[in-house]
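Peer 1: Can you read through this structure? Questions will come right after.
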Amino acid sequence: MHTMEFTLLVFMGSLLAGFLGSLTGLGGGVVIVPMLTLLFHVDIRYAIGAALVSVIATSSGAAAAYVKEGYSNVRVGMFLEIATTVGALVGAAVALHLHVSVIAIIFGLALIYSAFASLREKSEQKSDVAPDRIATWLRMDSSYPTDKGMTQYHVRGVPLGFALMFGAGVLSGLLGIGSGAVKVLAMDRAMKLPFKVSTTTSNFMIGVTAAASAGIYLSRGYIDPGIAMPVMLGVLGGSLVGARVLAGAKVRSLRLVFAVVIGFLAVEMIYNGFAGKM
Amino acid sequence: MDQIMAVLLRSGVLLAASLVFIGGIIYLSRHDSPAIDYRVFQGEPQELRTVGGILREVAKFHGRGLIQLGLLVLIATPVARVLFSVVAFLYERDWTYVAITMIVLVLLCYSLFGGGL
Numbered sequence: 043m044h045t046m047e048f049t050l051l052v053f054m055g056s057l058l059a060g061f062l063g064s065l066t067g068l069g070g071g072v073v074i075v076p077m078l079t080l081l082f083h084v085d086i087r088y089a090i091g092a093a094l095v096s097v098i099a100t101s102s103g104a105a106a107a108y109v110k111e112g113y114s115n116v117r118v119g120m121f122l123e124i125a126t127t128v129g130a131l132v133g134a135a136v137a138l139h140l141h142v143s144v145i146a147i148i149f150g151l152a153l154i155y156s157a158f159a160s161l162r163e164k165s166e167q168k169s170d171v172a173p174d175r176i177a178t179w180l181r182m183d184s185s186y187p188t189d190k191g192m193t194q195y196h197v198r199g200v201p202l203g204f205a206l207m208f209g210a211g212v213l214s215g216l217l218g219i220g221s222g223a224v225k226v227l228a229m230d231r232a233m234k235l236p237f238k239v240s241t242t243t244s245n246f247m248i249g250v251t252a253a254a255s256a257g258i259y260l261s262r263g264y265i266d267p268g269i270a271m272p273v274m275l276g277v278l279g280g281s282l283v284g285a286r287v288l289a290g291a292k293v294r295s296l297r298l299v300f301a302v303v304i305g306f307l308a309v310e311m312i313y314n315g316f317a318g319k320m
Numbered sequence: 473m474d475q476i477m478a479v480l481l482r483s484g485v486l487l488a489a490s491l492v493f494i495g496g497i498i499y500l501s502r503h504d505s506p507a508i509d510y511r512v513f514q515g516e517p518q519e520l521r522t523v524g525g526i527l528r529e530v531a532k533f534h535g536r537g538l539i540q541l542g543l544l545v546l547i548a549t550p551v552a553r554v555l556f557s558v559v560a561f562l563y564e565r566d567w568t569y570v571a572i573t574m575i576v577l578v579l580l581c582y583s584l585f586g587g588g589l
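Just so you know, the sequences run in chain order U and A. Residue numbers 43 to 320, in my numbering, belong to the letters of the first sequence in order. Residue numbers 473 to 589, in my numbering, belong to the letters of the second sequence in order.
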């Protein structure tokens, strides 16, 4: 394949990945690694490096829109970022020593989980939860805009949320994904934050987590400009278009299709991992 | 405060994308050859791994160096955001969160300049 041809094809694929990722809320990063490894036969280490870069781009771009609306909880985000950055450093360090087949298998499992998580019904309204000692001390309780005006909420389960976030960081550093699904799980389920607050705060954190592991990947020579260039520009462009379309689009069926596609990719990655074809 | 943060994030991403785009054009115009076989992992050459090396490549007007510089700007954008949060918490005299944000900042700088574990 010619350099120009390779660049254009990867760009088109990334554009589609970014578009669908932002429409379905799964993020473009999760499809980039399987696309590069299965379709373009790129070594998984280069693929992870490129995916990480695209994750930072979309997260920062989207976060710029969210901070103004007052949904994300900066205190919760900052506190949990200690866990995710330490996790990301550990994950990136471990990735340097793991065999690529093992990484492919873990990646496949993480893909299956995010596909399932994206289909789960969202618990929109939380029953009023009582204040929590640690959360009160860290002044995490806050309010967010709803149709009934600013609504107060309490934060709970800080230790469990912190532990889950460490896991999300490890996955992010190991696989080059944003692990938004695990982050939302930690905040939505464990810490009882309102769903909208969980997703926007998760988005806010993804960029910082990815930056922590990207530094290590760059210094180890895993980030190749020839691959990262079309991937970053494509995912960023696609997600910007996706965010425009999102307003008023029916995404329920699209999300289902996307989840099925991701499920197939996951199975193929796991198969290739076991067959030693990575 | 939030307004400045939004502008900071947006301009970081925009600057990074422009650098990567320009670098990409230079790279493509000079690499009129069969694509590199990425099936074999070789790792990037030393000059594309460190901040100093990348800057030297940019000075030589190399496309790959310019793309790498754009990616560095992109990685630096969340770091700048955390730095900005330190200042914001200092301004509010919220010492607990100044300390928390500083820890995150140190971890990020360690990853960028420490060269890994």
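Don't be surprised by glycine CBs; every beta carbon is placed ideally from N, CA and C.
For the beta strand (DSSP E) containing residue 499 of chain A, name the first residue and the last one.
Peer 2: Taken as a continuous stretch (DSSP letters only), residue 499 of chain A belongs to no beta strand (DSSP E), being part of the alpha helix (DSSP H) at 474-502.
Peer 1: From residue 187 of chain U to residue 112 of chain U, what does the alpha carbon distance come to, in whole angstroms?
Peer 2: Whole-angstrom Cα-Cα distance: 7 angstroms.
Peer 1: Apart from the five residues just before and just after residue 474 of chain A, which ones in its own chain have a Cβ nearer than 8 angstroms to its Cβ?
Peer 2: none
Peer 1: Answer with buried or exposed for residue 229 of chain U, where buried requires no fewer than 16 other C-beta atoms within 10 angstroms of its C-beta.
Peer 2: Per the 10 Å Cβ criterion, buried.
Peer 1: Report the neighbours of residue 16 of chain U on chain A: residues whose CB is nearer than 8 angstroms to its CB, in chain order.
Peer 2: With chain U represented from 43 up to 320, any question about residue 16 of chain U goes unanswered, as that position is not in the structure.
Peer 1: Take the Cβ of residue 613 of chain A as the centre, count every other Cβ of all protein chains shown within 10 Å, and call the residue buried at 16 or more, exposed below.
Peer 2: Not covered by the structure: residue 613 of chain A. The range shown for chain A is 473 to 589.
Peer 1: Count Cβ pairs between the segment 290-310 of chain U and the segment 72-89 of chain U that sit closer than 8 angstroms; are there 3 or more?
Peer 2: Yes: at least three Cβ pairs fall under 8 angstroms.
Peer 1: So, are the CB atoms of residue 332 of chain U and residue 281 of chain U less than 7 angstroms apart?
Peer 2: Residue coverage of chain U in this structure runs from 43 to 320, which leaves residue 332 of chain U outside it and unanswerable.
Peer 1: Output needed for residue 53 of chain U: all residues of its chain with C-beta closer than 6 angstroms, excluding positions within five of it in sequence on either side, in chain order.
Peer 2: If we look at residue 53 of chain U and ignore the five residues flanking it on each side, its Cβ neighbours are 272 and 276.
Peer 1: Have a look at residue 284 of chain U and residue 62 of chain U and give me their C-alpha separation to the nearest angstrom.
Peer 2: 7 angstroms
Peer 1: Residue 491 of chain A versus chain U: which residues are under 9 angstroms apart at the beta carbon?
Peer 2: Residues of chain U passing the Cβ test: none, with the nearest at roughly 10 angstroms.
Peer 1: Mind listing which residues of the segment 263-278 of chain U have their C-beta closer than 9 angstroms to chain B's C-betas, in chain order?
Peer 2: In summary, chain B is missing from the structure at hand, where the protein chains are U and A.
Peer 1: So is residue 571 of chain A in contact with chain U if we call contact Cβ pairs under 7 angstroms?
Peer 2: Chain U contact via Cβ: absent.
Peer 1: Closest to residue 571 of chain A by CA distance: which of U:135, U:121 and U:157 is it?
Peer 2: U:121
Peer 1: I want to verify the contact list: residues of chain A whose CB lies under 7 angstroms from the CB of residue 102 of chain U, in sequence order.
Peer 2: Here the neighbours are 481, 484, 485, 549 and 550.
Peer 1: Against chain U, does residue 503 of chain A count as a neighbour if the rule is that its beta carbon must be under 7 angstroms from one of theirs?
Peer 2: yes
Peer 1: So what's residue 114 of chain U in DSSP terms, helix, strand or just coil?
Peer 2: coil
Peer 1: Can you tell me whether residue 194 of chain U is helix, strand or coil according to DSSP?
Peer 2: If DSSP states are grouped into helix, strand and coil, residue 194 of chain U belongs with the strands.
Peer 1: Just verifying my parser: in three-state terms, what is the DSSP assignment at residue 510 of chain A?
Peer 2: Note: residue 510 of chain A maps to coil in three-state DSSP.
Peer 1: Would you mind reading off the limits of the beta strand (DSSP E) that contains residue 188 of chain U?
Peer 2: 184-188
Peer 1: Is there a Cβ of chain U sitting closer than 7 angstroms to that of residue 659 of chain A, yes or no?
Peer 2: Nothing about residue 659 of chain A can be read from this structure; chain A reaches only from 473 to 589.
Peer 1: Going along the chain, which residues of its own chain have a beta-carbon closer than 8 angstroms to the beta-carbon of residue 547 of chain A, five neighbours each way excluded?
Peer 2: 584
Peer 1: Do we get a CB-CB distance below 7 angstroms when we pair residue 123 of chain U with the residues of chain A?
Peer 2: yes
Peer 1: Near residue 553 of chain A, which residues of its chain fall below 7 angstroms by C-beta distance, leaving aside the five closest residues on each side in sequence?
Peer 2: 477, 480 and 481
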